[in-house]
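Line order of the protein sequences matches chains A and B. Residue numbering for the first sequence follows our numbering, starting at 6 and increasing by one per position. Residue numbering for the second sequence follows our numbering, starting at 6 and increasing by one per position. Following: one structure in structure tokens, then a few remarks.
Protein chains: 2
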Amino acid sequence: MARRASDTDDVLEERNEGRAAVLDAAARAFMHDGYAGTSIDDVAEQLGGTKGRVYHYYRSKADLFFDVHSESMRQNFEGAGAIAHEGGSPIDRLERMVRAHALLMMTHLPYQRVSVLGVEMHLAGNTTSKQRATLRDAIARRDEYERLFVQVVEDGIAAGEIRPLDAALVVKGLLGALNWITIWYRPRETDTGESRMRIAEEMTTYLISGLRRRG
Amino acid sequence: MARRASDTDDVLEERNEGRAAVLDAAARAFMHDGYAGTSIDDVAEQLGGTKGRVYHYYRSKADLFFDVHSESMRQNFEGAGAIAHEGGSPIDRLERMVRAHALLMMTHLPYQRVSVLGVEMHLAGNTTSKQRATLRDAIARRDEYERLFVQVVEDGIAAGEIRPLDAALVVKGLLGALNWITIWYRPRETDTGESRMRIAEEMTTYLISGLRRRG
DNA sequence: GTCTATACTAGGATAGAC
DNA sequence: GTCTATCCTAGTATAGAC
Chain A
6 MARRASDTDD
16 VLEERNEGRA
26 AVLDAAARAF
36 MHDGYAGTSI
46 DDVAEQLGGT
56 KGRVYHYYRS
66 KADLFFDVHS
76 ESMRQNFEGA
86 GAIAHEGGSP
96 IDRLERMVRA
106 HALLMMTHLP
116 YQRVSVLGVE
126 MHLAGNTTSK
136 QRATLRDAIA
146 RRDEYERLFV
156 QVVEDGIAAG
166 EIRPLDAALV
176 VKGLLGALNW
186 ITIWYRPRET
196 DTGESRMRIA
206 EEMTTYLISG
216 LRRRG
Chain B
6 MARRASDTDD
16 VLEERNEGRA
26 AVLDAAARAF
36 MHDGYAGTSI
46 DDVAEQLGGT
56 KGRVYHYYRS
66 KADLFFDVHS
76 ESMRQNFEGA
86 GAIAHEGGSP
96 IDRLERMVRA
106 HALLMMTHLP
116 YQRVSVLGVE
126 MHLAGNTTSK
136 QRATLRDAIA
146 RRDEYERLFV
156 QVVEDGIAAG
166 EIRPLDAALV
176 VKGLLGALNW
186 ITIWYRPRET
196 DTGESRMRIA
206 EEMTTYLISG
216 LRRRG
């Protein structure tokens, strides 16, 4: 994951892996207890180490939190966002975006659940101005991602494939239904990806069929 | 709100109002910063008083949290749950339940948002056995509420009004889309209920039309 | 690069005045 | 019934050994 093509720069390579391991532990810890409910000791325990390791890679808990969000949005743009600019009719693109987003919620559950639970809250005032800037940036990227969906829906309406409706509101409903997966979905040990595909497929069918003109 | 018909029992009356005021302040505070992110001082500030007032009515922060959940589920059963047992065809009942639930999310935003953000998390271990029992009860009531929706969908499928699909999964999507309203909806000062009705109506149309057999 | 030890503060909860 | 004063634990962050 996130391994660079070049394996020559070993120092940087290992630095990235250590950092990625901390980030992964943080995502899982935040997923369980939320931002405020998670202590750095919890993150360290998830990691199988101590506080010292965490603080070696991240200056503060807030920085860790931001990086989880950042990674989650990267996954979204790469996984579903890219489809917005691919070929195909608007409703076909939308259908693929919805399916991809549904799968992302399950395959990257820790990151996505933390992201879904919101960036705005959790940080009551005790932030530096630099952190507030990062926060604004995270919100902006999330809004931008949502706008990709709205645009495709509007294209679908213009093309006559989707019946006329409030595109912004429908996308709120659509992404709400999908983001909600992170709240109830619990992966099984025996989970091979088959069950995830079934959930994504069923959910996509439901959410898209309500948009089509006629039936 | 929650005023009893009889005004003779003034002592109990006032005791309830004081308690209700604390609960209301807690719901608003939790809505902003989540459970762990909210201090008792924050609740007191919302209330326009001090800690002492809060602890006079509630023994602990966890008890306050549970009561917010309890009140939110009471609102749901009263507002949308009751419709499940009313007359009309399954899909008509479902439509009314969905509309009612959407409106509940907006009219009781503080309580509903706290409820939506989850009971399970936020309480990492530091709970008494009595509190754990209350927690299990809260989860059970939420599941029971969800099952009302599933039952009506299954009735609709049996009646041939709704096309055959995974009722449990569709309800997850449906309630997810509706619960998500608490995440993005921000009431305006000029909000007369007109705009809330429009949102509820538009969302209901979208979520129901994907279920109907044919178009 | 990872650990232990420690400083420092925020916040839950209680006691007791008014 | 509401306040102020205080106790005490939990948790962020840092220093410095290994």
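Each residue gets a CB set at the ideal place from its N, CA and C atoms; glycine is no exception.
Under the Cβ distance rule, Leu114 of chain B does not count among the residues neighbouring chain A, no pair being separated by less than 7 Å. Per DSSP, reduced to three states, the secondary structure at Arg217 of chain B is strand. Taking one beta carbon from each stretch, the segment 19-37 of chain A and the segment 105-121 of chain A have 3 or more pairs nearer than 8 Å; the two touch.
Inside the segment 18-60 of chain A, DSSP marks whole alpha helix (DSSP H) runs of 4 or more residues at positions 45-52, from first to last along the chain. The residues Arg168, in chain order, have a CB closer than 6 Å to that of Arg218 of chain A in the same chain once the five nearest residues on each side in sequence are set aside. Taking C-beta atoms as the reference points, Asp72 of chain A and Leu28 of chain A count as a pair closer than 7 Å. For the pair Arg191 of chain B and Ser200 of chain B, the Cα-to-Cα distance works out to about 11 Å. Counting the other CB atoms within 10 Å of its CB gives Gly178 of chain A a total of 16 or more, which places it among the buried residues. Counting only unbroken stretches of 4 or more residues, the alpha helix (DSSP H) elements lying wholly within the segment 140-192 of chain B are 172-184 and 186-189, in sequence order. Here Trp189 of chain B is exposed: its Cβ has fewer than 16 other Cβ atoms, across all protein chains shown, within 10 Å.
DSSP places His74 of chain A inside the alpha helix (DSSP H), whose first and last residues are Lys66 to Gly84. Residue burial annotation: Thr133 of chain B is exposed, with fewer than 16 other C-beta atoms found within 10 angstroms of its C-beta. Fewer than three beta-carbon pairs drawn from the segment 133-144 of chain B and the segment 92-103 of chain B are found closer than 8 Å, and the two stretches are therefore not classed as touching. By the rule that beta-carbons nearer than 7 Å mark a contact, Val175 of chain B touches chain A.
Glu194 of chain B sits in coil when the DSSP states are folded into three classes, being neither helix nor strand. Within the segment 156-190 of chain A, the residues whose Cβ lies closer than 8 Å to any Cβ of chain B are, in chain order, Leu170, Asp171, Leu174, Val175, Lys177, Gly178, Leu179, Leu180, Gly181, Ala182, Leu183, Asn184, Trp185, Ile186, Ile188 and Trp189. Inter-residue distance for Pro95 of chain B and Glu159 of chain A is about 32 Å (C-alpha atoms, whole angstroms). Counting only the Cα atoms, Leu183 of chain B lies some 25 Å from Thr43 of chain B. Taken atom to atom, the span from the alpha-carbon of Leu174 of chain A to that of Val124 of chain A is near 21 Å.
Any Cβ of chain A closer than 7 Å to the Cβ of Met208 of chain B would place that residue at the interface, and such an atom is present.
For the C-beta of Ala41 of chain A, the chain B residues within less than 9 Å are, from N- to C-terminus, Asp38, Gly39, Tyr40, Ala41, Gly42, Thr43 and His127. Neighbours of Leu140 of chain A in chain B, taken as residues at a C-beta separation under 8 Å, are lacking, since the least C-beta distance is about 14 Å.
When Cβ-Cβ separations below 7 Å define contact, Tyr211 of chain A makes contact with chain B.
Inclusion of Met78 of chain B and Ile186 of chain B in the CB contact set at 7 Å is not warranted, their separation being larger than that value. Apart from the 5 residues on each side of it in sequence, Val59 of chain B sits with its Cβ closer than 6 Å to the Cβ of Val27, Ile45, Val48 and Ala49 in its chain, given in chain order.
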